[in-house]
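Protein chains in written order, with this note's numbering: chain A, 1 to 788; chain B, 1 to 161.
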């Protein structure tokens, strides 16, 4: 029987009521009395030297408050990078300055040059057009390999080249891997592109900076996944505002998918300008601006080689990847192709030797950073594509080849530095075969054929690392941040509870799922518990939400704090019941003395904590409020097996996804409805990557896909109903809830399934095709069928 | 500047707008009806969908002055006066048809227009009708399911949860 409350129940989302009635409070819904509006003048060339900026005419336009240029930011810090990668030779990465407004040079289309603050958004926009900027255009570098040639124009004049770093992992294994390839019975090689994507949360970014002269306090309302991170980065590194004078609020946020993790120039600008002007300054991104200022995702070019012995066991894996950083280092960009990618290259397989090489490259394009999955989709795509190709070359069943090489003993230390605590990859594959009805494929194939369509089946596995941790380890790997999470559980006198979490909900349903956990632990009704998040003034220092960490890390902090509450409440109950603390049991919101009928209710204890008339004041402080910080001892490792069936139209090359099934192991589940929803959304983004999406630059660095007219977002008619299952569960062994994380799985596991399916469909038709790069648009598939 | 008046969610309103003021800006900024959202600038995403004289319209693509004298309905006007969700809104909650909530007002307004035109749509008809509304969170699965359920059709066979 499904549960109707607590852990494991599909509780309906309480936040839905406000979203369904237009009562949400998104950043653009916030207006501060007296606010002005900013419009940014952005570079329309990819690379150039700013010769002059004349703002006189703009400053004289109606309603203009002030025009800012790079000169106003000469003494202000640049946007910091939060992760320093050390290269193969022990040297730190090259780390260029990232100014708020361009200093002397522009380096990508969309780089902000000047900002007009005016009384209305229209006046700001009109005046920005009156700014006269003379730019000496320089040759742009767009292609990564070309950017590394000796005579390539440099994106940053003060760096030695366009190479950010050349990373090897595990460098000590390089020779052993090469030796294993020498001995291999079979080697499969695949070159592929994991194309550049734009995250595209439906809410564009917004920032409202405010300043109080009375208290010398700044407030920034912003569309962020992690307000404390923004407060730390902007306060300490950009503007020099101490935390106690800076409040960052991220209210309802309309989707993030990674791109709202990062600290952006517009946030610093609005906060800075509000202090300069002593009035609030608001910026609302248009979608066109978002395409050229939100950090992009992916953009890897990879060669992967898989070595197998005569029995088809994987013996070694070697990859060489070029990873595009764009023109500047976005907040966590260097970590994505390295520690979030190289550490996952073992996948679900017991390959004993792995070497990953990554060259990160600066180009005259929008910075690239984490996007749903961040490094893990890139790892999964390469690995699962090369395994599929190997199976075809060897003439063996791709599922059997995978099963033969599965890791089956846990814990399992991979050759790429991580230790999987639990998993059962045969179980998820068994489940997939059942829910995808793989046995029925041949019949569906025949039916498609009868309609003149080419049907194909693609299957793959994935593994993900969620809840990045622990802080001392990631510090050694270059993170300039801790990766714990916090929670304060504030029990009120009458028994209701506010839980202040450092994680942030922007669609994940924390306001519903988190109370389920606390209610379950205390045996009280979920409706007595509210979640507070997204405001540095109201929540303890927390690291926010990304990398599927909220429940595994933030939830664990909440469990820790709730356990402290229970411990103290039991002491109070023992006093009220005149019993020994060791004999007190908490069940269904009642504290009772074991073996007796004596009990007090939750509300009696909470009232006693705040009205301590009958209370052990000599032993214990009044009040019932506890804070906990949780720093995980390891990542969590969700895994799964996915199957996609496509039909290809042989006349047009159009691909349609006919069936998609996902069998995931997320460990324990708090709210199955929400978990399924997370998987659905991830699948749509992964299928979108496989078939539709791609950010395209021309050779001059002009962004050709700068709006929804030319960047193909997946729509309802592009997608099928999905079959998802998460009944296979190997609970995480090292966090108190046994949970693993589900936010990115769909986006990680689905692209290879789709591409494997299309290749399968074409090969069944006799086309000698081993690979087509994403997105598998009709033109690309049609060209492949024509042998082009 | 132009004087305009219209009925919004059953209430008579008036305002003074520039010729270039879009209906969505008039609703959001002048009337403070911030449930109608702006997600793009090319009339592609549908987050701003409202009903004008009973027809669904992208409020980013209509001038406020064009709506002079019109009867406008926004997401704020979809629930009953006592706050009870409409059948369609309730279906979105019951079937988890929303996550971040940003596209939701447009989805609800578009779906309401669909069900008015076609009270028992097929799955394909629902998906086709939503071509002008983009959701980045749900993968559409539960949106389509919610709309089919709101039309009174049995959705129990569609993959649970």
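Glycine included, C-beta positions come from ideal geometry on N, C-alpha and C.
Between residue 144 of chain B and chain A, is the shortest Cβ-Cβ distance under 8 Å, so that the two count as touching? As a working mapping, residue 144 of chain B is identified with position 144 in the second chain. Closer than 8 Å to some Cβ of chain A, the Cβ of residue 144 of chain B qualifies, so yes.
Chain A partners of residue 47 of chain B, CB-CB under 7 Å? Locating residue 47 of chain B in the second chain gives position 47, where the first residue counts as 1. The answer, in chain order, is 202.
How about residue 370 of chain A and residue 332 of chain A: are their beta carbons less than 8 Å apart? Taking the first residue of the first chain as position 1, residue 370 of chain A is located at position 370. Taking the first residue of the first chain as position 1, residue 332 of chain A is located at position 332. The answer is yes: Cβ separation under 8 Å.
Within chain A, partners of residue 10 of chain B - CB distance below 8 Å: By 1-based counting over the second chain, the position of residue 10 of chain B is 10. Ordered by position in chain A, no residue passes the 8 Å Cβ test against residue 10 of chain B, which lies about 15 Å from the chain.
Starting from residue 21 of chain A, find everything on chain B with Cβ-Cβ shorter than 8 Å and list it in chain order. Start at 1 with the first residue of the first chain, and residue 21 of chain A comes out as number 21. What residue 21 of chain A touches in chain B: 35, 75, 76, 78, 79, 83, 85, 89.
Hey, out of A:684, A:687, A:729, whose CA is closest to residue 670 of chain A's CA? The residue labelled residue 670 of chain A in the question sits at position 670 within the first chain. When only C-alpha atoms are compared, the closest one is A:729.
Distance cutoff 8 Å, beta carbons only. Does residue 22 of chain B sit that close to anything in chain A? In the second chain, the residue the question calls residue 22 of chain B occupies position 22. Chain A, which has no Cβ nearer than 8 Å to the Cβ of residue 22 of chain B, makes this no.
Thinking C-alpha only, which one of A:155, A:198, A:752 is nearest residue 642 of chain A? Mapped onto the first chain, residue 642 of chain A falls at position 642. Ranking the options by Cα distance to residue 642 of chain A, first place goes to A:752.
Can you find a C-beta in chain B that's less than 8 Å from the C-beta of residue 692 of chain A? Counting from 1 along the first chain, the entry for residue 692 of chain A is found at position 692. Judged by the 8 Å Cβ criterion, residue 692 of chain A is not in contact with chain B.
Should residue 798 of chain A and residue 549 of chain A be called a contact, given that it needs their Cβ atoms to be closer than 8 Å? Nothing can be reported for residue 798 of chain A: it is not among the residues displayed for chain A, which extend from 1 to 788.
Could you tell me the boundaries of the alpha helix (DSSP H) in which residue 458 of chain A lies? As a first step, residue 458 of chain A must be located in the first chain, where it is residue number 458. That residue, residue 458 of chain A, is in no alpha helix (DSSP H); its beta strand (DSSP E) goes 454-463.
Within 10 angstroms of its Cβ, does residue 616 of chain A collect 16 or more other Cβ (buried), or is it exposed? For the purposes of this step, residue 616 of chain A is taken as residue 616 along the first chain, with counting starting at 1. Label assigned to residue 616 of chain A: exposed.
Would you be able to state if there are at least three C-beta pairs under 8 Å between the region 201-208 of chain A and the region 19-34 of chain A? yes
Between A:434, A:352, A:709, A:125, which has its C-alpha nearest residue 724 of chain A's C-alpha? One-based indexing of the first chain puts residue 724 of chain A at position 724. Cα-wise, what sits closest to residue 724 of chain A is A:434.
Continuous beta strand (DSSP E) stretch holding residue 49 of chain A: start and end: Locating residue 49 of chain A in the first chain gives position 49, counting from the first residue. From DSSP, the beta strand (DSSP E) with residue 49 of chain A extends over 48-54.
For residue 88 of chain B, the nearest candidate out of B:153, B:6, B:55, B:3 (CA to CA): As a position in the second chain, residue 88 of chain B is number 88, starting the count at 1. Closest option to residue 88 of chain B, Cα to Cα, is B:153.
With DSSP run on the structure shown, which of helix, strand or coil describes residue 102 of chain B? For this step, residue 102 of chain B is matched to residue 102 along the second chain. Three-state result, residue 102 of chain B: coil.
Pick from A:442, A:283, A:103, A:379 that is closest to residue 793 of chain A, judged by C-alpha positions: No statement about residue 793 of chain A is possible, as the shown extent of chain A runs from 1 to 788 and does not include it.
Is residue 297 of chain A helix, strand or coil by DSSP? Numbered from its first residue, the first chain carries residue 297 of chain A at position 297. Looking at residue 297 of chain A - three-state DSSP - the assignment turns out to be strand.
Do you know offhand how far residue 2 of chain B's Cα is from residue 20 of chain A's? Within the second chain, residue 2 of chain B is the residue found at index 2, counting from 1. Within the first chain, residue 20 of chain A is the residue found at index 20, counting from 1. Each residue's Cα considered, the two are about 32 Å apart.
Do you know how far the Cα of residue 56 of chain B is from the Cα of residue 96 of chain B? Position 96 of the second chain holds residue 96 of chain B. Position 56 of the second chain holds residue 56 of chain B. Those two C-alpha atoms are separated by around 23 Å.
Roughly how many angstroms lie between the CA atoms of residue 506 of chain A and residue 252 of chain A, to the nearest whole one? To locate residue 506 of chain A, count along the first chain from 1; it is residue 506. To locate residue 252 of chain A, count along the first chain from 1; it is residue 252. Cα-Cα distance, rounded: 7 Å.
Just the Cα atoms here: how many angstroms apart are residue 161 of chain B and residue 139 of chain B? Taking the second chain and counting its residues from 1, one reaches residue 161 of chain B at position 161. Taking the second chain and counting its residues from 1, one reaches residue 139 of chain B at position 139. Low confidence applies here, because residue 161 of chain B scores a pLDDT of 48, under 50, leaving its location unreliable and the question unanswered by this model.
By DSSP, does residue 161 of chain B sit in helix, in strand, or in coil? For the purposes of this step, residue 161 of chain B is taken as the residue at position 161 of the second chain. Because the pLDDT at residue 161 of chain B is just 48, under 50, the model does not fix this residue reliably, and the point stays unresolved.
Could you tell me which chain A residues have their CB closer than 7 Å to the CB of residue 17 of chain B, listed as they occur along the chain? Here residue 17 of chain B refers to the residue found at position 17 of the second chain. Going along chain A, no residue has its Cβ under 7 Å from residue 17 of chain B, so there is no contact; the nearest lies around 11 Å.
From residue 15 of chain A to residue 526 of chain A, what distance separates their C-alpha atoms? Working through the first chain from its first residue, we reach residue 15 of chain A at position 15. Working through the first chain from its first residue, we reach residue 526 of chain A at position 526. Each residue's alpha carbon lies about 14 Å from the other.
Let's test the definition: count the other Cβ atoms within 10 Å of the Cβ of residue 64 of chain B and tell me whether it reaches 16, buried, or not, exposed. Position 64 of the second chain holds residue 64 of chain B. Buried.
Is there a Cβ from chain B that is less than 8 Å from the Cβ of residue 444 of chain A? Here residue 444 of chain A refers to the residue found at position 444 when the first chain is read from its first residue. Taking Cβ atoms only, chain B never reaches closer than 8 Å to residue 444 of chain A, which makes this a no.
Rounded C-alpha distance that separates residue 353 of chain A from residue 714 of chain A: Translated into the one-based positions of the first chain, residue 353 of chain A becomes position 353. Translated into the one-based positions of the first chain, residue 714 of chain A becomes position 714. If you take the alpha carbons of residue 353 of chain A and residue 714 of chain A, they lie about 38 Å apart.
Give the secondary structure of residue 327 of chain A by DSSP, where H, G and I count as helix, E and B as strand, and everything else as coil. For the purposes of this step, residue 327 of chain A is taken as residue 327 along the first chain, with counting starting at 1. Residue 327 of chain A: coil per DSSP, three-state reduction.
Leaving out five residues on either side along the sequence, give the residues of the same chain with a beta carbon under 8 Å from the beta carbon of residue 117 of chain A. Here residue 117 of chain A refers to the residue found at position 117 when the first chain is read from its first residue. Closer than 8 Å at Cβ, skipping near neighbours: 36, 37, 38, 64, 65, 66, 67, 68, 124, 273, 277, 281.
Under 7 Å Cβ-Cβ, which residues of chain B neighbour residue 12 of chain A? Within the first chain, numbered from 1, the residue matching residue 12 of chain A stands at position 12. Listed along chain B, the residues sitting closer than 7 Å to residue 12 of chain A by beta-carbon distance are 93, 94.
Neighbour flag for residue 121 of chain B against chain A, beta carbons, 8 Å: Locating residue 121 of chain B in the second chain gives position 121, where the first residue counts as 1. Between residue 121 of chain B and chain A, the shortest Cβ-Cβ separation is not below 8 Å.
Residues from the region 236-264 of chain A in contact with chain B, defined by Cβ distance under 9 Å: 252, 253, 254, 255, 256, 257
Could you say which of A:364, A:293, A:381, A:561 lies nearest to residue 163 of chain A if we only look at CA atoms? Indexing the first chain from 1 puts residue 163 of chain A at position 163. Of A:364, A:293, A:381, A:561, the residue nearest in Cα terms is A:364.
Own chain residues within Cβ distance below 7 Å of residue 565 of chain A, not counting five before or after: In the first chain, counting from the first residue as 1, residue 565 of chain A sits at position 565. Non-local C-beta neighbours of residue 565 of chain A in its own chain, meaning closer than 7 Å and more than five positions away in sequence, comprise 489, 491, 624, 626, ordered along the chain.
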